[in-house]
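Report on one structure; see the data block that follows.
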Amino acid sequence: VCSSSVETTGKFGEEEKAILEKHNKSKNCDPSKKKKPRCPVRRCKEYLTFSNTVICKSCDLKVCLKHRFPADHACKRDNLPALASGLGNKFLVALAARNGRDCA
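Every position in the sequence shown, counted from 1, becomes a number in the working numbering once 11 is added.
Below you can see the structure in the form of structure tokens.
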């Protein structure tokens, strides 16, 4: 049963049942066309399912198992640039800002 029609109208209760019945009779909703969530990491085409989804503790981003570590995805941690700038090395600051986004 598709709940997108109820979510877009914002009506619940008895009206919800009527909206869902009307929506089901219209045959406009095809569950196979619904977009499945994918890993947000650049060039990653992995679909996020129950068994391969991890939520990053630093940035609350849902990623696949391949990108579960903060260094593997564009993690928006506040402490990473501070650590690199504390070392005073421009290369480490640039590397921390890049964070593996341009790697294949």
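Cβ atoms here follow ideal geometry from the backbone N, Cα and C, with glycine treated the same way.
{"Query": "On the DSSP letters alone, give me the boundaries of the beta strand (DSSP E) that Lys-73 sits inside.", "Result": "73–75"}
{"Query": "Pull up the DSSP beta-bridge partners for Thr-10, would you.", "Result": "Beyond the ends of the chain as shown, which are 12 and 115, falls residue 10; an answer cannot be given."}
{"Query": "Can you say whether Pro-48 is buried or exposed, counting buried as having 16 or more other CB atoms within 10 angstroms of its CB?", "Result": "exposed"}
{"Query": "Roughly how many whole angstroms lie between the Cα atoms of Cys-70 and Ala-107?", "Result": "15 Å"}
{"Query": "Confirm, please, whether the CB-CB distance from Cys-67 to Pro-51 is below 8 Å.", "Result": "no"}
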